[in-house]
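Those letters in the sequence shown? Residues 0 to 712, per numbering that gives the first Met the number 0, in order.
For glycine and all other residues, C-beta sits at the position ideal for the given N, C-alpha and C.
All figures in this text were calculated on a predicted structure; none of them were measured in a lab.
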Amino acid sequence: MVRFFTYVRNHYRIILAVTLFIASSFLIVYLLPMEGKFRYEYHKGTYWKHEDLLAPFNFPVYKTKEELVHEQDSILRDFKPYFIYNFELTEKRLEEFSRDFETGWKEYAVKQLETTEEQYLINRKFRENREASEQYRQMISQWLNEVYLAGIIDLAPLEKPGRFEFTEIMLIKGNLAEVKEVAEMYSPKTAFELVNNRLTEYIEKQKHPRADQITGFFKEFNINYYIAVNVTYDEEKSQLLKDQLLRAISRTRGMIEEGQGIISKGEFITNDKYIILESLRTEYEKNIGTVAGQLVNIGKLVIVLASLLLIFLFLWNFRREMLYDTRDTLFVLLMVVLMIFAAGITLKYDLISIYIMPFAIVPIILRTFFDARLALFVHVVTVILVGFFVPNSYLFVFLNVFAGMVAIFSLTNLYRRSKFIVTAFMVVFSYALIYMGTAIVQEGNFNTIEWKYFAWFAYNGILLLISYPLIYIFERLFGFLSDTTLMELSDTNQPLLRKLAEIAPGTFQHSLQVANLAEEAVHKIGGNPLLVRTGALYHDIGKMDKPFYFIENQSAGNNPHDNIPFEQSALIIIGHVAKGVEIARKNSLPETIIDFIRTHHGTSTVQYFYKSFLKKYPEKDVDVSNFSYPGPKPFTREMAIVMMADSVEAASRSLQQINDKTLDKMVEGIIHAQMEEEQFNDANITFRDITAIKEVFRERLKNINHARITYPE
0 MVRFFTYVRN
10 HYRIILAVTL
20 FIASSFLIVY
30 LLPMEGKFRY
40 EYHKGTYWKH
50 EDLLAPFNFP
60 VYKTKEELVH
70 EQDSILRDFK
80 PYFIYNFELT
90 EKRLEEFSRD
100 FETGWKEYAV
110 KQLETTEEQY
120 LINRKFRENR
130 EASEQYRQMI
140 SQWLNEVYLA
150 GIIDLAPLEK
160 PGRFEFTEIM
170 LIKGNLAEVK
180 EVAEMYSPKT
190 AFELVNNRLT
200 EYIEKQKHPR
210 ADQITGFFKE
220 FNINYYIAVN
230 VTYDEEKSQL
240 LKDQLLRAIS
250 RTRGMIEEGQ
260 GIISKGEFIT
270 NDKYIILESL
280 RTEYEKNIGT
290 VAGQLVNIGK
300 LVIVLASLLL
310 IFLFLWNFRR
320 EMLYDTRDTL
330 FVLLMVVLMI
340 FAAGITLKYD
350 LISIYIMPFA
360 IVPIILRTFF
370 DARLALFVHV
380 VTVILVGFFV
390 PNSYLFVFLN
400 VFAGMVAIFS
410 LTNLYRRSKF
420 IVTAFMVVFS
430 YALIYMGTAI
440 VQEGNFNTIE
450 WKYFAWFAYN
460 GILLLISYPL
470 IYIFERLFGF
480 LSDTTLMELS
490 DTNQPLLRKL
500 AEIAPGTFQH
510 SLQVANLAEE
520 AVHKIGGNPL
530 LVRTGALYHD
540 IGKMDKPFYF
550 IENQSAGNNP
560 HDNIPFEQSA
570 LIIIGHVAKG
580 VEIARKNSLP
590 ETIIDFIRTH
600 HGTSTVQYFY
610 KSFLKKYPEK
620 DVDVSNFSYP
630 GPKPFTREMA
640 IVMMADSVEA
650 ASRSLQQIND
660 KTLDKMVEGI
670 IHAQMEEEQF
680 NDANITFRDI
690 TAIKEVFRER
700 LKNINHARIT
710 YPE
C-alpha cells in the first residue's frame with residue numbers, strides 16, 4: 000500500500016493526464032450521435048464497389064428533401080388561412096357613426112369663428128336643414144355598410160418574409176365558413192378612399208348652395224374613425240389546419256421488401272438507386288441505434304478511446320512535457336471535445352450543414368500556442384472521429400483534412416491580423432476546389448453540382464475568423480502566449496523595457512545583443528523566435544534593483560564589489576534572478592516569460608567570486624551553494640538558447656583580444672562548461688542543435704566585432 004501511494008505521488012501528473020483522456024472519451028461518446036453506422040461507402044454517379052446488396056429488412060424509400068419541399072410549397076400555395084368576421088364591431092361602428100354625425104352636424108355652425116349677422120343666419124339655416132343632414136347620414140351609412148359587408152381585412156400577419164401571397168381566404172361568419180377572394184375585400188386605407196371619393200363626387204355633383212359649408216364640415220368630421228378592421232386573422236385555426244395538411248404529406252415514395260435486390264456489384268449508382276441506398280442507410284442506423292444501443296455505445300467508446308490513445312502516444316513520444324503540464328493536456332482535449340460537441344449538435348438537429356462548421360479552428364488555435372506538427376495531428380484525429388458519424392464520410396474527412404493543412408501552411412506571422420483573413424480565404428478556396436473536383440468525378444458534369452455547398456464553405460470561412468478573439472480568450476484563461484502578445488511585449492517602447500534602458504543602460508544593451516544572438520540560433524535549429532527574443536529582452540530586469548553592481552553598468556575604476564566580501568557580492572549577483580521574478584510579476588508579465596528569468600543561469604556557479612574566494616581563503620571550507628544560482632535549469636530549447644546566448648555575449652565583452660581564434664575558444668569553452676554542469680539535461684535540445692547554435696554564435700559575434708577602418712586624424 001505504501002508503494003502504491005508512493006508511486007501515485009511520484010507519477011500523479013501522468014495519472015491525471017490519463018484520467019483526463021478517459022473522462023474525455025466518455026464525454027465524446029455522449030456527445031456523438033446515438034445512431035449506428037452504415038457499413039458501406041458510396042457516391043452518386045459512381046459504381047457500386049461492394050458485394051450484391053439485398054434488403055436486410057422491410058424499409059420505406061424516403062423522398063428527397065427537394066421533393067418534400069416542393070410538395071409543401073404546393074400545399075401552402077393552395078392553403079387558405081382562416082379569418083373571422085366581427086359582426087359586433089360592424090354594428091357598433093355604424094351606430095357610432097349615426098349618433099356622432101347627427102350631433103356633429105348640429106354643432107358645426109356653432110364652432111364657426113364668423114360672428115356677423117349674415118353669417119349667423121347662414122349657419123342657422125345650415126344647422127336646421129334636417130333634410131340635407133339625414134340625406135348625407137343615410138348615404139354615408141350605406142357606403143360604410145357596403146365596405147363592412149365586403150370585409151375590411153388586415154393582411155399584415157401574412158405579409159412576413161417567406162410567406163406565400165394568398166388570393167383567397169376562408170372567412171368564418173358565425174357558424175358558417177365561405178371562401179372569399181382577397182381582391183373583393185378592403186383594407187382600412189382603400190375603404191376610406193372609397194367613401195371619401197364617393198362623398199367628394201356627390202358634393203360636386205349636387206352643386207348645393209351651401210357646398211362650402213358641407214365640405215368644411217366633412218373636413219372636421221373624421222369618417223376614417225368609423226372604419227375599422229372587421230375581418231381578423233385566426234392564427235390558431237390557420238396553423239392547426241396548416242400542420243394537418245403538412246403532416247398528411249407522405250414522406251415515402253414506396254417500400255422495399257426484405258430480401259429484395261437493391262444493387263449489384265459494379266452497377267452504376269443512379270439518382271433512384273442513390274435515394275434507395277440513402278433510405279436504407281437512414282433506417283439501418285436508426286434501427287441499430289435503437290435495438291443495440293448499448294453495444295453501439297461500447298463500439299463508439301472503443302473508437303474514441305483508440306483515437307485519443309493516438310493523441311496520448313503522440314504527446315508521450317514527441318511532447319512529453321505537455322503530459323506533465325495539466326494545463327496543456329486539458330487545453331488540447333478541450334479543443335477536441337468542443338469541436339465534437341458542436342459537430343454533434345449539428346448532426347443531431349440537422350438545422351445546418353456540417354460543412355458550415357469551421358473545423359480548421361482546431362489547427363489554427365493549436366498552431367498558435369504550440370506547433371504545427373501537434374496542430375495537424377490533433378486536427379486529423381478530430382476530423383476522423385467526426386467523419387465516422389457523418390454521411391459521405393470520405394468526402395468530409397478529405398475536405399477537412401486538406402483545409403486544415405492549408406490553414407496551418409498559410410498561417411505564418413500570427414501577429415498580423417490580416418493573416419487570419421488570408422487563411423480564411425485560403426481555407427474556403429481549398430474547400431471549393433476539392434469539392435468541385437470530387438463532384439465532377441462523381442457526377443460527370445457541371446449541371447449536377449450542388450452549388451449550395453459553396454455557400455456553406457463561405458459561411459465556414461466567415462466563422463473561421465472567430466479564431467482571432469478565441470485565441471485572446473484562451474490566452475487569458477489558460478495563461479498561454481500568442482505571437483501577437485509576444486510582439487507587444489518585445490516592443491522596446493514597453494514601459495518596463497524603457498525603465499530598464501534608463502536605470503541600467505548597459506544591461507539593456509546586453510539584453511538586446513542576447514536577443515539578437517538567441518533569435519539567430521532559434522531560426523537555425525527550430526523553435527519560436529518571438530518567444531526567444533521576448534524572453535531574452537526581459538531576462539535581466541532584476542538588475543534594475545542594484546544596477547551598479549553589474550559590470551556592464553559600471554563606470555571605469557568604480558566597482559562597488561571591491562569593498563564587500565565575496566559571499567555578499569555573490570549574493571547580490573545571484574539575487575538579480577529572484578528580483579527579476581518579483582519585478583516581472585509586479586508588472587504582470589506572463590509566466591512563460593518569467594521562466595526565462597528564473598532559468599537563464601540555471602544552477603550554475605558565480606565563477607568569478609567563487610574562484611576569488613578559494614584563492615584568497617584556500618584553507619577554508621566553502622559551501623558552493625552560497626555561490627550558486629537556485630535554478631531551475633532550462634526546460635525548453637528556447638530557455639537553453641537564451642542561457643547560452645547570455646553567457647556567451649557577456650563573456651565576449653571581457654575578451655582582451657577579439658579575433659576568430661579567441662571567439663571560437665570562448666564560445667566552445669562556455670557552452671562546454673554548461674554541458675559539463677548538465678544545465679541542458681531538462682531541455683529538449685540535442686548535441687546536433689548545440690553544435691549548430693555554437694556555429695551561429697561564432698559567426699554572429701565575428702560580424703559584430705569585425706575590424707573597422709581607421710580614419711585619419
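Rounded to a whole number of angstroms, what is the C-alpha to C-alpha distance between residue i and residue j?
| i | j | result |
| --- | --- | --- |
| I593 | I684 | 20 Å |
| S306 | V336 | 12 Å |
| F217 | H69 | 53 Å |
| I640 | F634 | 11 Å |
| V192 | I226 | The question names Val, yet the displayed sequence has Glu at residue 192. Whole-angstrom Cα-Cα distance: 11 Å. |
| D233 | I74 | 19 Å |
| Y41 | S429 | 23 Å |
| E116 | E203 | Note that E116 scores 48 on pLDDT, short of 50, meaning its location in the model is unreliable; the coordinates nonetheless yield the value given after this. Near 28 Å, if we compare the C-alpha coordinates of E203 and E116. |
| F358 | F401 | 11 Å |
| N558 | P546 | 11 Å |
| T661 | S466 | 50 Å |
| F595 | P629 | 14 Å |
| T251 | L322 | 52 Å |
| A190 | L240 | 30 Å |
| T602 | D622 | 14 Å |
| P494 | I344 | 47 Å |
| T269 | K285 | 24 Å |
| I261 | E66 | 22 Å |
| L469 | E667 | 45 Å |
Determine the DSSP secondary structure at residue i, reduced to helix, strand or coil.
| i | result |
| --- | --- |
| L53 | strand |
| F58 | strand |
| L499 | helix |
| F429 | Looking at the sequence itself, residue 429 is Ser, so the reference to Phe does not match. Residue state, collapsed to three classes: helix. |
| L170 | strand |
| F340 | helix |
| E715 | Coverage of the chain is limited to positions 0 through 712, which leaves residue 715 absent and any answer about it impossible. |
| K585 | helix |
| I151 | strand |
| G630 | coil |
| R252 | strand |
| Y46 | strand |
| Y81 | strand |
Only counting the same chain, and skipping five residues up and downstream in sequence, which positions put a Cβ closer than 6 Å to that of residue i?
| i | result |
| --- | --- |
| R604 | Note on identity: in this sequence residue 604 is Thr, with Arg being the wrong assignment. Cβ within range, chain order: F626 and S627. |
| L304 | S24 |
| T199 | none |
| G265 | Y46 |
Under the rule that 16 or more other beta-carbon atoms within 10 Å means buried, what is residue i, buried or exposed?
| i | result |
| --- | --- |
| Y61 | buried |
| T328 | buried |
| F388 | buried |
| Q141 | exposed |
| A155 | exposed |
| I339 | buried |
| T89 | buried |
| A535 | buried |
| W450 | exposed |
| F125 | Confidence in F125 is poor, its pLDDT being 48 and thus under 50, which makes the residue's placement unreliable; the coordinate value appears in the next sentence. It counts as buried. |
In chain order, what residues of the same chain have a beta carbon less than 7 Å from the beta carbon of residue i, not counting five sequence neighbours either side?
| i | result |
| --- | --- |
| K578 | G541 and D544 |
| R197 | W142 |
| L375 | P362, G403, M404 and I407 |
| N85 | N229 and T231 |
| L26 | V336 |
| Q71 | L245 and I248 |
Leaving out five residues before and five after residue i in sequence, what residues of the same chain have Cβ atoms less than 8 Å from its Cβ?
| i | result |
| --- | --- |
| V379 | V400 and G403 |
| T325 | R12, L15, A16 and L19 |
Can you tell me whether residue i sits near the ligand PLP, meaning its C-beta is under 8 Å from at least one heavy atom of the ligand?
| i | result |
| --- | --- |
| S140 | Questions concerning the ligand PLP fall outside what the structure shown contains, since it holds no ligand whatsoever. |
query = When the Cβ atoms of the stretch 482-490 are set against those of the stretch 526-542, are three or more pairs found closer than 8 Å?
reply = By the Cβ criterion, the stretch 482-490 is in contact with the stretch 526-542, since at least three pairs of Cβ atoms, one from each stretch, lie closer than 8 Å.
Three-pair Cβ contact test at 8 Å for the stretch 52-59 versus the stretch 273-280 = With a cut-off of 8 Å, the stretch 273-280 and the stretch 52-59 count as touching, because enough Cβ pairs lie within range.
ask   = Three or more beta-carbon pairs under 8 Å between the stretch 366-382 and the stretch 399-406, yes or no?
value = Counting Cβ pairs under 8 Å, three or more are found: they touch.
inquiry  = I want to know whether the stretch 494-510 touches the stretch 551-569 - three or more CB-CB distances under 8 Å.
reply    = Yes, the stretch 494-510 is in contact with the stretch 551-569.
message = Could you check whether the stretch 345-358 touches the stretch 451-461, counting it as contact only if at least three pairs of C-beta atoms, one from each stretch, sit closer than 8 Å?
response = With the cut-off at 8 Å, the stretch 345-358 and the stretch 451-461 touch.
ask   = When the Cβ atoms of the stretch 293-301 are set against those of the stretch 84-98, are three or more pairs found closer than 8 Å?
value = Taking 8 Å as the limit for Cβ pairs, the verdict is that the stretch 84-98 does not touch the stretch 293-301.
inquiry  = Does the contact criterion of 3 or more C-beta pairs under 8 Å hold for the stretch 688-706 versus the stretch 646-657?
reply    = Yes: at least three Cβ pairs fall under 8 Å.
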